[in-house]
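Engineer: Once you've had a glance at the structure underneath, I'll fire off some questions.
Protein chains: 2
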Amino acid sequence: MSKEKLIEYLRNEKQISPVVRTAIADNFNSITISKNQFLLTEGKICNEYLFMEKGYLRAFAHDTGGNEVTTNFYCPGRVIFEVSSFFNRTRSKENIQALTDCEGWYITYEQLNSLFHTLPEFREFGRAMLVNGFTELKARMLSMITETAEERYQHLLKTSPEIFQHAPLKTIASYLGITDTSLSRIRKDLVKK
Amino acid sequence: MSKEKLIEYLRNEKQISPVVRTAIADNFNSITISKNQFLLTEGKICNEYLFMEKGYLRAFAHDTGGNEVTTNFYCPGRVIFEVSSFFNRTRSKENIQALTDCEGWYITYEQLNSLFHTLPEFREFGRAMLVNGFTELKARMLSMITETAEERYQHLLKTSPEIFQHAPLKTIASYLGITDTSLSRIRKDLVKK
DNA sequence: ACGGCTTCTTGCCAATTGACAAGAAATGAG
DNA sequence: CTCATTTCTTGTCAATTGGCAAGAAGCCGT
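For the record, the sequence lines run as chains A and B. Each number in this note's numbering corresponds to the 1-based position in the first sequence with 1453 added. Each number in this note's numbering corresponds to the 1-based position in the second sequence with 1453 added.
Okay, here's the thing in structure tokens:
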């Protein structure tokens, strides 16, 4: 697997010149994760800053009752890492697990910092990733407050239909903030309409 | 008003030396906002990176029905700005309004960038602000999924009781993701218990 | 102090959702 | 292939919540 896609991805940050893009890509290491394998488990410190080229993953936490709650889904072409644990060097409260076999590129925390140092333009990329993640989460929060469960379901179905091919419905239900029972009923009702 | 509190706040970032802290603080300008005045309105580009020393504010958006939805409350000692609009230079979808008279310190987007350039250590501070905001929002998202409305109310009451002295209940209700009617009922039920 | 506006509470009813449990269907390991 | 496990659906019932509307209480500007 070549680093083409990775370089293409870095390209979205216009401040970064082509030469620097290649230099940055040089620092990434290849990684494969097989289905169900964990990229990060609760209690560990997230040490990988990962660009995923192929495959799907999900992040999940446990609520006070010990139930799994899906906090995010990751599709190909995304950067994946647990922000708080990675930057604050604290134990993660989340798990990140592969839903399918995955292939991608990663750098470690130390590598990222040394990249920030040697190629300052990469900082812009790092910041853009943070800002994007933040904006996305904010939009999801707003939809959680203003939309009904059915609307949230329809929205996810429209924007990320692939998720439904790779994640079980009960996993998707907790992401939407409802029980699997409710999701099942919502889907049933929509067939009628 | 002296810049003591601002400097003290910058101190939380241990990577920043005392001398640099003072240098950073020198670049902040004083600002006062009177009650109900807007720091940012929908459609404008957020241009202020604000450290609030006294006073309370709230951020709110409009849902598809045109109703106001409170997205955040800001207490003294916090940095306030709309991340996406500020960094991406895009029109804000949110409003930020003072709940009380406020006093604080701000720098503009241009000033922030030049500070990043002249005092690179300030970048760490900027990143920490982003990471903190992200972590906070994630926690709120999880509570929105796993906790009942009553639990979310109790939690806010415990962690930010001051909010209840400065914001009307209907504003707080939309922050909690419920209607003012529901919040009123929850409060009534809690008196009984 | 007055009038008007906003905020808050409460009642009624309908819709949504969760808890629990049972059974069908699909999946995976050996 | 077979058995065990997981996933998904469905039913019943109770609890939560929203929509709507009316009335009380509080706040603000003149």
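Ideal Cβ positions, reconstructed from N, Cα and C, are used throughout, including at glycine. Keep in mind that this is a model prediction, so the values were computed, not measured.
(1) Which complete alpha helix (DSSP H) runs does the region 1522-1600 of chain A hold, if anything under 4 residues is left out?
(2) With H, G and I counted as helix, E and B as strand and the rest as coil, what does DSSP make of Arg-1605 of chain A?
(3) Return the residue from the list B:Cys-1499, B:Thr-1543, B:Asn-1548, B:Glu-1535 that minimises the CA-CA distance to Asn-1520 of chain B.
(4) By Cβ distance below 6 Å, which residues in the same chain neighbour Ala-1512 of chain A in space, the five residues on each side in sequence not counted?
(5) What does Ala-1514 of chain A touch in chain B if you count any residue whose Cβ is under 8 Å from its own?
(6) Taking only beta carbons into account, state which residues of the region 1523-1537 of chain A come closer than 8 Å to chain B, listed in chain order.
(7) Which of the three DSSP states, helix, strand or coil, is assigned to Lys-1653 of chain A?
(8) Please work out which residues of its chain come closer than 7 Å, Cβ to Cβ, to Cys-1555 of chain B, disregarding the five sequence neighbours upstream and downstream, and give them in chain order.
(9) Based on DSSP bridge pairs, tell me the residues matched to Thr-1656 of chain A.
(10) Return the residue from the list A:Met-1454, A:Ser-1637, A:Lys-1623, A:Val-1536 that minimises the CA-CA distance to Gly-1579 of chain A.
(11) Report buried or exposed for Gln-1463 of chain B, applying the criterion of at least 16 other Cβ atoms within 10 angstroms of its Cβ.
(12) I want to verify the contact list: residues of chain A whose CB lies under 8 Å from the CB of Leu-1583 of chain B, in sequence order.
(13) If you draw a straight line from the C-alpha of Leu-1622 of chain A to the C-alpha of Ala-1551 of chain B, how long is it?
(14) Quick one: which residues of the region 1597-1608 of chain B get their C-beta closer than 9 Å to a C-beta of chain A? List them in chain order.
(15) Would you call the region 1470-1485 of chain B in contact with the region 1619-1637 of chain B, where contact means no fewer than 3 C-beta pairs closer than 8 Å?
(16) Measure the alpha-carbon distance for Glu-1577 of chain B versus Phe-1540 of chain A and round it to whole angstroms.
(17) For a cutoff of 9 Å on Cβ pairs, would you count Lys-1591 of chain B as touching chain A?
(18) Could you round the C-beta distance between Lys-1456 of chain B and Phe-1481 of chain B to whole angstroms and report it? I think they count as a contact, below 8 Å.
(19) Is Phe-1617 of chain A close to chain B, meaning its C-beta is less than 9 Å from at least one C-beta of that chain?
(20) Tell me the DSSP secondary structure of Ala-1514 of chain A in three-state form.
(21) Kindly indicate if chain A contains any beta-carbon less than 9 Å away from that of Phe-1491 of chain B.
(22) Return helix, strand or coil for Glu-1457 of chain A, following the three-state DSSP convention.
(23) Quick one: residues in its chain with C-beta nearer than 7 Å to the C-beta of Gly-1586 of chain A, no 5 flanking neighbours on either side, listed in chain order?
(24) Given a threshold of 16 other Cβ atoms within 10 Å of its Cβ, counted over all protein chains shown, does Thr-1517 of chain A qualify as buried or as exposed?
(25) Which residues in the same chain as Met-1597 of chain A place their Cβ atom closer than 8 Å to its Cβ, once the five residues preceding and following it in sequence are excluded?
Structural biologist: Considering the structure as presented:
(1) 1536-1541, 1562-1571, 1574-1599
(2) helix
(3) B:Asn-1548
(4) Thr-1524, Asn-1525, Glu-1547, Ile-1549
(5) Leu-1595
(6) Thr-1524, Val-1536, Ser-1537
(7) With chain A running from 1454 to 1646 in the structure shown, residue 1653 of chain A is simply not present.
(8) Thr-1485, Ile-1486, Met-1505, Lys-1507, Gly-1508, Leu-1510
(9) Summary: the structure shown does not reach residue 1656 of chain A, with chain A confined to residues 1454 through 1646, and so no result is reported for it.
(10) A:Val-1536
(11) Going by the sequence as given, residue 1463 of chain B is Leu instead of Gln. So Leu-1463 of chain B ends up on the buried side.
(12) Arg-1580, Leu-1583, Val-1584, Phe-1587
(13) 43 Å
(14) Met-1597, Ile-1598, Thr-1599, Glu-1600
(15) no
(16) 10 Å
(17) yes
(18) 7 Å
(19) no
(20) strand
(21) no
(22) helix
(23) Val-1536
(24) exposed
(25) Arg-1605, Gly-1630
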